[in-house]
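Peer 1: Got a structure here, written out as structure tokens. Questions coming.
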Amino acid sequence: MPRGDGRDSEEFAESPDLADLDSFAGVDELGARAHDPSDDTDPDLDAPDAAYQAGGGAGGGIGGIGQLGDNLALGPVPDLVTPDDMELHELDDQGDDLAPADPNGQQARRELLAVEAELNLRWPETKIEPSLARIAALVNLMGEPHRGYPVLHVAGTNGKGSTTRMIDALLTRMGLRVGRYTSPHLQLVTERIALDGAPVSAAAYVDLYRDVAPYVTMVDNAGGPDAVPMSKFEVLTGMAFAAFADAPVEAAVVETGLGGSWDATNVVDGEVAVITPIGVDHVEYFGGDPAKAAVEKAGIIKPGSVAVIAEQEPEVLKILLERAVEVDASVARAGSEFGVLEREIAVGGQMLKLQGLGGVYDEIFLPLHGAHQAANAALALAAVEAFFGAGKDKQLVVEAVREAFAEVETPGRLERVRAAPTVLLDAAHNPHGAKALATTVAEEFAFRRLVAVVGVMAEKDARGILDALEPVVSEIVVTKNSSPRAMPLDELNDIAISIFGEDRVVAEASLDAAIETAIGLVEQSDDPEEPLAGGGVLVTGSVVTAGEARTLFGKEPA
């Protein structure tokens, strides 16, 4: 391509190669060569700046205009007198204190919505192209922020979010500054990137995006016109890595988005690989075979790491162990090296006695319901023990472990958002999760009448979810959440009628109406002798459904 100055250069016209990260040297955010290496000068950098010259060049003050001379627009600049304890940048141009902007205020939320609209133009998280080239190029351009801290990497089908939050709580209680990356979010996308146990602010999220955006554009343009651009999840992953490096954190707990080997998070080399129970989900990628999913998820087990594995089906465990042997990783298995020794239902949760890698931890109160959450707690404990190198003669401080578990919060996991009648939210979105939910409800709650409000995504196994819920539910109100991927109401209604019978099914077009209907069903009775107390509403079927219900009940993102 002609350069415009009479000289042609094939080297100058070449595009960067994603496979050769060094080829990005000298490339601007538009994907073009910013400087011909054969030149002694860069025309852009060496061109005189008009504002700089108008301000008097080097004699015109900082940036060419201003503080050391006359301001061309405003006239003489007044002398600024600052209090002894205040820096100049904390004042406005009249020397008055600047009011700090609310990082989660209206302006920050508006900017967040604009960023989300831009990100939503990219491939969604439900669509993947099996390659780590794009995310690898991005983090290379950013200076490899993911190498600045140790990582505990979490993959699996169910329990990833809860286990990740438990690991975060334990590490934090042990005195570390922790970054947490999870997906999907319940209410607000900022939940995905957490520091010190709390989501980043809307303003911080916007700043992170603006910081990485030029590098994202470079990666997009380097691929050529027919290449796959970076997906939304890949961009978010880069933002999380940058946030953790900037903090800086002393450890990061990183949850995979979808799969393992080809998941964008897998550019990290986790010191500890945590594998939660693997079942059937995302059949469009893994089919209906848990073993196929296990092959993909086993990819997070890296050479020399410690693989901490939850109880699995035999064929799944075999695949995970084979991967560990292949990469010479150490292994800790639930039911062998660690596990739940005792479990007792308690008010607001359960009391546990856990076998860890370093010994027994008793009198552990977990403010969560269900045997599956007890198993998640044992898995999280073993992961943190492995991280700190705990073993037969090296146990974590038991009191610190107790305090960490007692403070664990897992929004949208059998979360109570209302009393009288009780309203519970749960993000179960596949048959495996729905079965665990139904078992917990049957064992730990004594509802006189339980009505389920269910909204499911179109690609999910709605029949399997409803089959699992049917034994513990009196009636069901089917509905549709706001996602464009939501299953059409008529389709979900037909499936529900085939399982529950027409008399036990009600359809409502909106989630708020569905919840109101469910509460009305719980509170009504044809028998005047029947007490109205003891009724409950369970909102479930999807992460989006649980998240939108959480917002309806006035809960803040967490």
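Residue 888 is where the sequence shown starts when you use this note's numbering, and the numbers rise one by one after that. Glycine is no exception: its CB is placed at the ideal position from the N, C-alpha and C atoms.
1) Within 10 Å of its beta-carbon, does D1412 have 16 or more other beta-carbons around it, so buried, or fewer, so exposed?
2) Look at the alpha carbon of D927 and the alpha carbon of L1063, and state the distance between them as a whole number of angstroms.
3) Report yes or no: do the region 1343 to 1353 and the region 1418 to 1429 share at least 3 C-beta pairs separated by less than 8 Å?
4) How is Y1248 classed by DSSP in three states: helix, strand or coil?
5) First and last residue of the alpha helix (DSSP H) that includes V1140?
6) Going by other Cβ atoms of all chains shown within 10 Å of its Cβ, with 16 needed for buried, is G1030 buried or exposed?
7) How close, in whole Å, do the beta carbons of P1037 and A1127 come, if the pair is a contact with beta carbons under 8 Å?
8) Along the chain, where does the alpha helix (DSSP H) that runs through E1389 open and close?
9) First and last residue of the beta strand (DSSP E) that includes L1095?
10) Taking all protein chains shown into account, do 16 or more other C-beta atoms lie within 10 angstroms of the C-beta of K1281, making it buried, or fewer, making it exposed?
11) Cα separation between L1123 and E1078?
12) Am I right that V1340 and A1401 are in contact with their C-beta atoms under 8 Å? What's the rounded C-beta distance?
13) In this structure, does DSSP put V1155 in helix, strand or coil?
14) Report yes if the CB atom of D1156 is closer than 8 Å to the CB atom of A1129, and no otherwise.
15) Please name the residue, chosen from Y1092, F1275 and L1268, that lies closest to A1291 on a Cα-to-Cα basis.
16) What does the Cβ neighbour count give for S1369, buried or exposed, with the cut at 16 atoms within 10 Å?
17) May I have the straight-line CA-CA distance separating D1107 from G1144, to the nearest angstrom?
18) Cα-Cα, which of T1327, V1295 and V1288 is closest to F1301?
19) Under three-state DSSP, which class holds M875?
20) Can you name the residues that DSSP bridges to Y1068?
21) Relative to the alpha-carbon of V1140, which residue among A1081, H1316 and S1118 has its alpha-carbon at the smallest distance?
22) Using alpha carbons as the reference points, say which of A1433, T1297 and F1275 lies closest to L1039.
23) Between I1165 and A1181, how many whole angstroms is the CB-CB distance? I'm expecting something under 8 Å.
24) Please tell me whether, using a cut-off of 7 Å, the distance from the CB of I1054 to the nearest non-hydrogen atom of the ligand PLP is below it.
25) Look at L1244 and E1229 and say whether their C-beta atoms are less than 8 Å apart.
26) Going by other Cβ atoms of all chains shown within 10 Å of its Cβ, with 16 needed for buried, is D1094 buried or exposed?
27) Helix, strand or coil: which one does DSSP assign to M1061?
28) Indicate whether A1197 and L1266 have their beta-carbon atoms separated by less than 8 Å.
29) Do V1002 and Y1102 have their CB atoms nearer than 8 Å?
30) According to DSSP, is F1225 part of a helix, a strand, or is it coil?
31) Would V1284 be called buried (16 or more neighbouring beta carbons within 10 Å of its own) or exposed?
32) Check T1427 in the structure and name its three-state DSSP category.
33) By Cβ distance below 6 Å, which residues in the same chain neighbour P924 in space, the five residues on each side in sequence not counted?
34) Alpha carbon to alpha carbon, how far is S1070 from V1076?
35) Where does Q1237 fall in DSSP's three states?
36) Return the chain-ordered list of same chain residues with a C-beta closer than 6 Å to the C-beta of F1120, the five sequence neighbours on each side being excluded.
Peer 2: Once the coordinates are examined:
1) Correcting the residue identity first, residue 1412 is Ser in this sequence and not Asp. Per the 10 Å Cβ criterion, exposed.
2) Because the pLDDT of D927 is 43, which lies under 50, any placement of that residue in the model is unreliable, and the question is left without a value.
3) yes
4) strand
5) Careful: V1140 lies outside any alpha helix (DSSP H), inside the beta strand (DSSP E) at A1138 to E1142.
6) exposed
7) Incorrect: roughly 15 Å between the Cβ atoms, too far for contact.
8) Neither: E1389 is in no alpha helix (DSSP H) and is coded neither H nor E.
9) No beta strand (DSSP E) holds L1095; the alpha helix (DSSP H) holding it covers A1089 to A1109.
10) exposed
11) 12 Å
12) 5 Å
13) coil
14) no
15) L1268
16) exposed
17) 21 Å
18) Correcting the residue type first, residue 1301 is Leu in the shown sequence and not Phe. It is T1327 whose Cα lies nearest to the Cα of L1301.
19) Nothing about residue 875 can be read from this structure; the chain reaches only from 888 to 1445.
20) I1080 and V1141
21) A1081
22) F1275
23) 5 Å
24) Inclusion of the ligand PLP in the displayed structure is not the case, the ligand content being empty and no account of it being possible.
25) no
26) buried
27) coil
28) yes
29) no
30) strand
31) exposed
32) strand
33) Because P924 carries a pLDDT of 44, less than 50, the predicted location of this residue cannot be relied on, and the following value inherits that uncertainty. Result list for P924: empty, nothing under 6 Å.
34) 9 Å
35) strand
36) E1012, G1144 and A1151
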